[in-house]
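Participant: Residue numbers (the numbering used here): 219 to 418. Mind looking over this structure? Questions follow.
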């Protein structure tokens, strides 16, 4: 299994994997919830982040999208200003005023807890397609990604929105450094940091 950088042709598959992987996520399933229970807006939501990372060379995958990782390089923003405005409008249209306001507050909590003292690689999303879960593919992709950042001498940061995944990140060298609660239901979100193992 070898990771490769996503091309434009891969982005539909990458978005599908992320969408399905996060459909039952304790935080995002609630943040994206509609009163009628429909989920047809999820793929369009996640596509903003896939496209934003791809523009910065930050989308990686294995086995044609069985597992995908979405990274933001040091000193870069997750979304360009234009995309952020488009996402804000999308949220209001898809979630209604109350849902969009709650999503905006959730973003603020993510931002307030994001470390800025040291340049680092930010793991925005790590997802395994449901058809391939339980095979260690996501963990293997993460290991390749981290080895690449280690060669550049960069630490890593992420937020875990599912406590069931925390131990997997810990196995990869991340440690919990803090946390905060989601807006709608107070679900816990762990902030995690991994020191670089150094260049070379």
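Cβ coordinates follow ideal geometry from the N, Cα and C atoms, glycine included. As the structure is a computational prediction, the values presented were derived from the model and not from experiment.
Enumerate, from N- to C-terminal direction, the unbroken alpha helix (DSSP H) stretches of 4 or more residues contained entirely within the stretch 240-317.
Facilitator: 246-249, 260-272
Participant: Does the stretch 370-384 touch the stretch 224-235, meaning 3 or more C-beta pairs lie closer than 8 Å?
Facilitator: no
Participant: So what does DSSP say about residue 399, is it helix, strand or coil?
Facilitator: Of the three classes helix, strand and coil, the one that applies to residue 399 here is strand, per DSSP.
Participant: For residue 360, report the span of its alpha helix (DSSP H) as first-last.
Facilitator: 355-369
Participant: Assuming residue 388 is part of the alpha helix (DSSP H), what are its boundary residues?
Facilitator: 384-389
Participant: Leaving aside the five residues before and after residue 324 along the sequence, list all residues of the same chain whose C-beta is less than 7 Å from its C-beta, in chain order.
Facilitator: 249, 400, 401
Participant: For residue 233 and residue 268, which I take to be in contact (beta-carbon distance under 8 Å), what is that distance rounded to the nearest angstrom?
Facilitator: 5 Å
Participant: Does the stretch 303-321 touch the stretch 387-399, meaning 3 or more C-beta pairs lie closer than 8 Å?
Facilitator: Judged by Cβ distances under 8 Å, the stretch 387-399 makes no contact with the stretch 303-321, as fewer than three pairs qualify.
Participant: Along the chain, where does the beta strand (DSSP E) containing residue 412 start, and where does it finish?
Facilitator: 406-412
Participant: Could you tell me which residues DSSP puts in a beta bridge with residue 376?
Facilitator: 341, 410
Participant: Is it true that the CB of residue 376 sits closer than 8 Å to the CB of residue 410?
Facilitator: yes
Participant: What three-state label does DSSP hand residue 233 in the structure shown?
Facilitator: DSSP places residue 233 within a helical segment (H, G or I) once states are collapsed to three.
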